[in-house]
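These protein sequences, in sequence, are chains A and B. Each step along the first sequence adds one to the number in our numbering, with nothing skipped, and position 9 is 12. Each step along the second sequence adds one to the number in our numbering, with nothing skipped, and position 4 is 18. Glycine included, every Cβ here is placed at the ideal spot set by N, Cα and C. Since this is a predicted model, take the numbers as computed values, not measurements. Beneath this line is the structure, given in structure tokens, with notes to follow.
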Amino acid sequence: MYKVLRTLALTTFAIAIVIPTAIVALGSFKSDVEVYSKPLALPTNWSFRNYNRLISDGGIFTNFKNSVIVTSFSVVLTLILASMAAFAISRMTNVTGRVLFGLFALGLAIPGQVNIIPIYLLFQRLHLTNSLLGLVLINIATTLPISIFILTSFFRELPKEMFEVSAIDGAGPFQIYRSIALPLSRPAMGATSIFLFVISWNDLLYPLLLVTQSDKKTLPLALLDYRGEYATSFSMIFTAVMVASIPMVVMYLFMQRSFIAGLTAGAVKG
Amino acid sequence: MQKKKSRPDHRVYYWMILPAIFIYAALYLYPAISNLRYSLTRWDGIGTPKFVGLHNFTNMLTNDDLFFKVLGNNVRFSLLVVTLQTAFALFFAIFLVKNTRTTIFLRTLYFFPTILSSVSVAMIWLFLYDPNFGAINVGLKKFGLNSFALNWLGSENSALYAIAFTQIWFHTGQMMVIYIAGLQQIPLELYEAAEVDGASKWQQFKSVTWPMALPTTAVVIAYTTIQSFRAFDLVYAMTQGGPNNSSSILATLIYLTAFNEFRLGYAAAQSILMVITIVILTLVQRRVIRTKYGV
């Protein structure tokens, strides 16, 4: 009885994930007629027609490039700023350290989404709308709290003796950070970077808020446009979904464990 | 000696925190504070904001059916997602708690939707929910269940639930992984003892798994609640809150009030009430979990 229930439940959920995925992946190689009549069948003849059309219609390369630029700068800069701050906070023994930590923790309590109006107005005044730099900056600002939170709790667990020995050898705090803390924190930094990578690559809200120019749009925002443009053509929409998802899916296939660890750390600590 | 050493160290620490605190304060804390200021104004975004005191708030609380409709939507959406997603996540975690090749494969598969963007997920489900050629209705019709083949996203009665279901599909795997980590901490002896006593699987769940997993449940529920309030991307990409605001949640209402109706002051006030709602919900949850289960 238990075994039957278990198998039934596990199979159902597996099917619920495999079927939609297969529809999208196969559909990107099909014509619309085929997508609608036999969504799950293999394409009668595999064709890259949709991909060619998507490329020749323009934009997608630019969108892809924008996503790569915004995501990589956001992740790297957030990691640098957050790890420095987290290291300093974890080493500070006075009240200020705790106050600063509390200040960042405050950011975890307020979801960034409620600040869209002042953020929009501020970025407009700073001429940071329709700008990749603007997207990078807002990503950094909104992900610093969670990153600092994860990394501070990691640094606090490191044995203090390691730092003290180097301090006796005359190393300054920054040197200790660079040559001891950073190398030791590779697992935590890895988990955080995957977490940040997924957030930034998939984000719709801030690009929607801050970007209207089509040559500055990132993939999720462009995907919304394709939905309008190819309203009745799901084969084209599926092709765009494939282009937007493939980098993430490939990375997931190669680093499942790190992905699961990273995204779970973000959830639990957040 | 010790004291002398720590002073200059602290100066370096301040420098190391400075860049982070600067960006965070300028682009996160400052907007959060100016949001309070905007919430006291009437403003179309072009002229100068006109100070109206608490008028936005009194108007919203006494005279705005739409706000309460959307608040109700959000509460229903959150309750549904939190209950079902937590239940499913625990259910699958129990089935997959042991590390074998099959369970690891299934965990990886179930977690997979988590890495997709909300917009991609929305596009997939727009197709599945399509009233005419979507896989769901085609399937239902094949089994002769024509009367169940609804216009899922196009009808006021079902749109919100259809999106909630998509959200559950999207994030159950992530919560399941958190549960698995929690369940693997439960000492196996407890189950062995229960088995010796002749306890059934259900009794084992009631007397061992559920009480031992309560701290994890608290984490999962807290996170899922916040996540359900953040479902802006999914709702915006699937229905933009329609039809007739039936699937709107607070986050999409704020966006549309500000950028489709150009009532920025009013939208700021809505977002302040959203923060208050979230804070109240979080506190209530914590209190319930603490008093009821002593976690």
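> If you count every other CB in all the chains shown that lies within 10 Å of the CB of ASP79 (chain B), and 16 or more means buried, which is it?
Replying inline: exposed
> With 16 as the cutoff for other CB atoms within 10 Å, does PRO223 (chain A) come out buried or exposed?
Replying inline: buried
> Is the shortest distance between the beta-carbon of TYR269 (chain B) and the beta-carbons of chain A less than 8 Å?
Replying inline: yes
> Are the C-beta of ASN205 (chain A) and some C-beta of chain B separated by less than 8 Å?
Replying inline: yes
> From VAL244 (chain A) to ALA234 (chain A), what does the alpha carbon distance come to, in whole angstroms?
Replying inline: 14 Å
>> Need the endpoints of the alpha helix (DSSP H) that TRP216 (chain B) sits in, please.
In response: 215-218
> Is the region 101-112 of chain A close to the region 255-269 of chain A, with three or more CB pairs under 8 Å?
Replying inline: no
>> Taking the alpha helix (DSSP H) that PHE2 (chain A) belongs to, which residues open and close that run?
In response: Since the first and last residues shown for chain A are 4 and 273, residue 2 (chain A) lies out of range.
> So which residues of chain A does THR122 (chain B) contact, with C-beta pairs closer than 8 Å?
Replying inline: GLN259 and ILE263
> Helix or strand or just coil, what does DSSP make of MET15 (chain B)?
Replying inline: Confidence at MET15 (chain B) is low in this model, with a pLDDT of 41, below 50, so the placement of that residue is unreliable and no value is reported for it.
> By a C-beta neighbour count over all protein chains shown, 10 Å radius and 16 as the cutoff for buried, is SER161 (chain B) buried or exposed?
Replying inline: exposed
> Hey, ALA77 (chain A) and SER238 (chain A) are a contact pair by Cβ (cut 8 Å); roughly how many whole angstroms apart?
Replying inline: The sequence given here has Ser at residue 77 (chain A), not Ala. Wrong, their Cβ atoms sit about 32 Å apart, outside the cutoff.
> Cα separation between LEU185 (chain A) and ASN88 (chain B)?
Replying inline: 42 Å
> Which stretch, first to last residue, makes up the alpha helix (DSSP H) that contains THR228 (chain A)?
Replying inline: According to the sequence shown, residue 228 (chain A) is Asp rather than Thr. First-last of the alpha helix (DSSP H) with ASP228 (chain A): 222-232.
> List, in order along the chain, the chain C residues whose C-beta lies closer than 9 Å to that of PHE237 (chain A)?
Replying inline: Reference to chain C is not applicable here, since the protein chains of this structure are A and B.
>> Quick check on LEU274 (chain A) - is its C-beta less than 8 Å from some C-beta in chain B?
In response: Because chain A spans 4 through 273 in this model, residue 274 (chain A) falls outside it and cannot be assessed.
> To which residues of the same chain is ILE151 (chain A) closer than 6 Å at the C-beta, ignoring the five residues directly before and after it?
Replying inline: ALA85, ALA88, ALA89 and PHE107
>> Does chain B have any CB closer than 8 Å to the CB of LEU57 (chain A)?
In response: no
> LEU212 (chain A) and ASP247 (chain B) look like a contact to me (Cβ under 8 Å); what is the Cβ gap, rounded to whole Å?
Replying inline: Not a contact, Cβ separation roughly 12 Å.
>> Within a Cβ cutoff of 6 Å, which residues of the same chain sit near PHE241 (chain A), ignoring the five residues on either side of it in sequence?
In response: VAL27, GLY30 and SER31
>> Suppose you measure from the CA of LEU256 (chain A) to the CA of THR305 (chain B); what does that come to, to the nearest Å?
In response: 43 Å
>> Is there a Cβ of chain A sitting closer than 8 Å to that of ILE60 (chain B), yes or no?
In response: no
> Pick from B:VAL26, B:GLN299, B:ILE192 and B:PHE126: whose alpha carbon is nearest that of SER258 (chain A)?
Replying inline: Checking the sequence shown, residue 258 (chain A) turns out to be Met, not Ser. When each option's Cα is compared against that of MET258 (chain A), the closest is B:PHE126.
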